[in-house]
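Below: one structure, written as structure tokens.
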Amino acid sequence: MKKGKGMEFVGDSRITADKKKFIPKDYSEYPGKTEAFWPNFLLKEWLVGAVFLVGFLCMTVAHPAPLEKMADPTDAAYIPLPDWYFLFLYQLLKYEFASGPYNVIGAIVIPGLAFGALFLAPFLDTGSKRRPIQRPISTTLMFLGIISVIWLTWEAASHVEWETRAEENKPVLEQEVDINTEDPGYAVYEQSCISCHGENLQGGAAAPSLIGIEYDVDEIKDIAVNGINTMPADQFEGSEEELQQLAEFIVSVNEEAE
Amino acid sequence: MLQKIYDWIDERVDITPLWRDIADHEVPEHVNPAHHFSAFVYCFGGLTFFVTVIQILSGMFLTMYYVPDIENAWRSVYYLQTEVAHGQIVRGMHHWGASVVIVMLFLHTLRVFFQGAYKKPRELNWMVGVSIFFVMLALGLTGYLLPWDNKAYFATQVTLEIAEGVPYIGEMAKTLLSGDPEIVGAQTLTRFFAIHVFFLPAALFALMGAHFILIRKQGISGPL
Amino acid sequence: MSEKKQQVSRRQFLNYTLTGVGGFMAAGMLAPMVRFAIDPVLQTHARGEYKAVAEVDEITTEPQRFDWTIDQVDAWYESEVTKSAWVYKDEKDDIIALSPVCKHLGCVVSWEGSGDYPNEFFCPCHNGRYYKDGVNVPNTPPSAPLDVYEHRIEDGTLYLGNAKPRGEA
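Chains as they are written, first to last, in my numbering: chain A, 91 to 348; chain B, 19 to 242; chain C, 1144 to 1312.
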């Protein structure tokens, strides 16, 4: 091959005109049974990837991604909860030594130290030994870290009633329903129900929405008198005729909403 | 035909060495699960990358329907999930992928840690890797708000409170994140969207590029 | 069947398998996403409803513009959209309702919109012209006649549906 001035290039570029022949590697860089990345090793990796993908897709099909109700900043009853991988921080901030006046410790100092140490691990653990057993300090610290994170996550998760939570926060596409406030039933509604269920039957902090329920007239009459779930009995005050009007009004609103 | 196109490009740009280096590098025995089953621990890094690819793709497709606006964000998510064919699956992939990627990163980090693979000369790559972990957590945090449901809203409020708790710069940091000193609302959502979709992925790509270049340059760490 | 036996090297075989597995992964990942993306093309669109537009008595042989609103559901966004039509009676006393959207580039045409061209629809954007029956004047920009609304008459009221290209209505 010509060198220096005699070298030939493609046009005026820096790419040499005479191609070097490709010589396959002899794969003797490492001892033992080494192999080429492409295609030998990559095939194995992709087989693992394919199996993983099938499992992953099965999971997404079996468990639809959760979606709660549209954000309502006035919902005072809602208990916030972070994604599971932040639960350990959430739990940490519940403890006395990490909250109130010591909030900075829980929110900044402890996580800062832990993640800072993780980031700088190569400079804190400078020995040349690699086996975990030969560097007991870093191994122990890591184990302590993992155990505390797992324990905190567990503590946080075990106090959450996941199923009731999911049930209460099911998404509802709120419909805009024209509520006929002239209806005699609405007058009755104003007397007995409006304080909890809201002026548009939309519900509130203390009571659910009355739109999208699947009760018939008799069932509503029964609920108004005898209560249901957290709703106490005897909320309704009025005559039998008014009760009928009220129930028919609520049913009519629901029919319209469909 | 394809060969001719390839030769035409190769003559001008000399692309062969680029992919030959990646394709032909040697994979040593101790990382190959075919020889030592315990070497499956080396899969976690690759699986992290795979899930990241799934996240990028599904995220790109989700933005076809999603709008970052407090009036319509939740409605658009509800719509794409209930009305659009396979919307449930695509959002499911993005949602569960976010969790799986954290799990995989965690396992990958533990593998590297317990093997002491971060020691000289790989200190830099370890720090790049931990930075990727932080970026992923931040992606999870910002992505959590985007559907604008109750869970998203209230969790974000707590996050912002925590940010406010930082001494000296706390209040500024909170305002910077939420776009308003008091309200968690329209401006918070657009900011989180921009961070989630443009800023953090840009950082992620840069870091992943550095991570892979360093691995190719330094080679995989030897057996214990 | 060829007589010569094709030799497949180990490397080639691995390459084929690799391509297959890679294709499977790409397909598994992308199939739901692509179906998700192309959904609007495959959605069956509900036929537009007929809306009351005008009383038949009001309609003369001179094209008049009538406006009406429809409820438009655009995915998660519902709105009211105003539509309009040029409506007149032709010689046979049939009602013709023409869409005002120019077939050239979608501007809005108006009846006798230019003093230079009486008895024609005129589009101000590129001087497109149509005869009274909606057929485009040759050698002006539009390449097709104005769309015609499907119509129905009930109890002396004109109801209009969707606009269709001439020939299909």
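Beta carbons: idealized from backbone N, C-alpha and C, even for Gly.
Note that this is a predicted model, so its numbers are computed, not measured.
List, in chain order, every chain B residue whose beta-carbon is nearer than 8 Å to that of Pro1175(C). The answer, in chain order, is His104, Ile107, Val108 and Met111.
List, in order along the chain, the chain B residues whose C-beta lies closer than 9 Å to that of Leu234(A)? Here the premise fails: no neighbours, minimum Cβ distance about 13 Å.
Residues in the region 1268 to 1286 of chain C with C-beta within 9 Å of chain A's C-beta atoms, listed in sequence order? none
Excluding sequence positions up to five away, which residues of its chain have a Cβ less than 8 Å from the Cβ of Tyr1231(C)? Ile1202, Thr1203, Thr1204, Glu1205, Pro1206, Gln1207, Ile1238, Ile1239 and Lys1275
Among residues of its own chain, excluding the 5 on either side of Gly188(B), which ones have a beta-carbon nearer than 6 Å to its beta-carbon? Apart from the 5 residues on each side of it in sequence, Gly188(B) sits with its Cβ closer than 6 Å to the Cβ of Glu182 in its chain, given in chain order.
Outcome for Cys1268(C) when other beta-carbon atoms lying within 10 angstroms are tallied against a minimum of 16: Burial call: exposed.
May I have the straight-line CA-CA distance separating Trp26(B) from Ile105(A), to the nearest angstrom? Near 13 Å, if we compare the C-alpha coordinates of Ile105(A) and Trp26(B).
Check whether the Cβ of Phe1167(C) lies closer than 8 Å to any Cβ atom in chain A. For Phe1167(C), the answer is yes, since a Cβ of chain A falls inside 8 Å of its Cβ.
Is it the case that the Cβ atoms of Glu1293(C) and Gly1304(C) are separated by a distance below 8 Å? yes
Same chain only: Cβ atoms within 7 Å of Thr193(B), ignoring 5 sequence neighbours per side: Pro199
Cβ-Cβ separation, Gly77(B) to His113(B) (assumed contact under 8 Å), whole Å: Going by Cβ atoms, the distance from His113(B) to Gly77(B) rounds to 11 Å, so no, they are not a contact pair.
Under 8 Å (Cβ pairs) to chain C, residues found in the region 136 to 163 of chain A: Trp136, Leu137, Gly139, Ala140, Leu143, Val144 and Leu147
Give the list of continuous beta strand (DSSP E) stretches no shorter than 3 residues that lie fully inside the region 1213 to 1289 of chain C. Complete beta strand (DSSP E) runs here, min 3: 1220 to 1232, 1238 to 1241, 1264 to 1266 and 1271 to 1273.
Hey, is Ile72(B)'s beta-carbon within less than 8 Å of any beta-carbon in chain C? yes
Cβ closer than 7 Å: which chain C residues qualify as neighbours of Met82(B)? Ala1180
Taking the alpha carbon of His249(A) as the reference point, which residue from Thr164(A), Tyr180(A) and Gly96(A) has its own alpha carbon closest? The option with the nearest alpha carbon to His249(A) is Tyr180(A).
One or two residues paired with Tyr1302(C) in a DSSP bridge: Ala1195(C) and Arg1295(C)
Chain C partners of Pro129(A), CB-CB under 8 Å? Arg1154, Leu1157, Asn1158, Thr1160 and Leu1161
In the DSSP output, which residue or residues are listed as bridge partners for Gln1207(C)? Val1230(C)
Do Val278(A) and Gly202(A) have their beta-carbon atoms positioned less than 8 Å apart in this structure? no
Expressed to the nearest angstrom, what Euclidean distance is found between the alpha-carbon atoms of Phe1209(C) and Asn1270(C)? 23 Å
For Leu125(B) and chain C, any beta-carbon pair shorter than 8 Å? no
Which bits of chain A does Gln133(B) rub up against, with CB to CB less than 7 Å? Contact annotation for Gln133(B) against chain A: Arg220 [CB-CB distance below 7 Å, chain order].
Mind listing which residues of the region 173 to 192 of chain B have their C-beta closer than 7 Å to chain C's C-betas, in chain order? So the list is empty, because no residue satisfies the distance condition.
DSSP has Glu125(A) in a bridge; who is on the other side? Beta-bridge pairing links Glu125(A) to Val45(B).
Nearest CA to the CA of Lys260(A): which residue from Arg140(B), Val45(B) and Trp92(B)? The residue with the shortest Cα to Cα distance from Lys260(A) is Trp92(B).
Have a look at Phe233(A) and Pro222(A) and give me their C-alpha separation to the nearest angstrom. 11 Å
Kindly identify the DSSP beta-bridge partner or partners of Lys1307(C). Val1291(C)
Chain-order list of residues whose beta-carbon lies under 7 Å from that of Ile113(A) (same chain, five-residue window excluded): So the list is empty, once near-sequence residues are dropped.
Buried or exposed for Ala1195(C), going by 16 or more other Cβ atoms inside 10 Å? exposed
Proximal chain C residues relative to Phe79(B), where beta-carbon distance stays under 7 Å: From the beta-carbon of Phe79(B), the residues of chain C found nearer than 7 Å are Met1176, Phe1179 and Ala1180.
Please list, in chain order, the chain A residues whose beta carbon lies closer than 9 Å to that of Ala41(B). Ala126, Phe127, Trp128, Pro129 and Leu132
Anything in chain B within Cβ reach of Trp1211(C), meaning under 9 Å, just list it in chain order. The contacting residues do not exist; Trp1211(C) stays about 27 Å from chain B at best.
Please return the same chain residues whose Cβ sits closer than 8 Å to the Cβ of Val262(A), not counting the five positions on each side in sequence. Lys159, Ser299 and Gly302
Quick check on Met91(A): does DSSP put it in helix, strand or coil? Because the pLDDT of Met91(A) is 48, which lies under 50, any placement of that residue in the model is unreliable, and the question is left without a value.
Segments of 4+ residues assigned as alpha helix (DSSP H) that fall wholly inside the region 67 to 151 of chain B: Counting only runs of 4 or more, we get 91 to 100 and 105 to 132.
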